[in-house]
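Heads up: the sequence shown begins at 18 in my numbering, then just goes up one per residue. In what follows, a single structure is set out as structure tokens and then discussed.
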Amino acid sequence: MGRLDGRINLRKGNKMIYFALNPDGLLYNLGDHGDWEAAEETASNMRIDPIWTLNEDEALNWAEFILTEIKQTREAIKKVTV
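This is the structure:
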């Protein structure tokens, strides 16, 4: 696997992994697709009406942001409670 901006690149050729955030808060893996339209079609076939469809780069960005925020918040709480 290659690297993309210091992150693991999961791409296979021109395809990317896409995800769908459902209104109930569940996140679904739509699989490898060449574009947004194909990913949206898969979501429709799965009877998912996503409020947000995101690709692997966006998913990695969100995951990194969330993990960083959790870590920083826990460290701040430790400093206050010590």
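Just so it is clear, CB atoms sit at the ideal spot from N, CA and C, and this is done for glycine as well. These figures come from a predicted structure and were not determined experimentally.
Residue range Met33 to Leu38 is occupied by the beta strand (DSSP E) that includes Ile34.
Only exposed fits Asn62, as fewer than 16 other CB atoms lie within 10 angstroms of its CB. Here DSSP, grouped into helix, strand and coil, assigns Leu71 to strand. Boundaries of the beta strand (DSSP E) around Asp49: Leu44 to His50. Taking one beta carbon from each stretch, the segment 53-60 and the segment 76-94 have fewer than 3 pairs nearer than 8 Å; the two do not touch. If you draw a 10 Å sphere on the C-beta of Ala93, you find fewer than 16 other C-beta atoms in it, and that means exposed. When rounded, the separation of the alpha-carbon atoms in Tyr35 and Ala56 is 6 Å.
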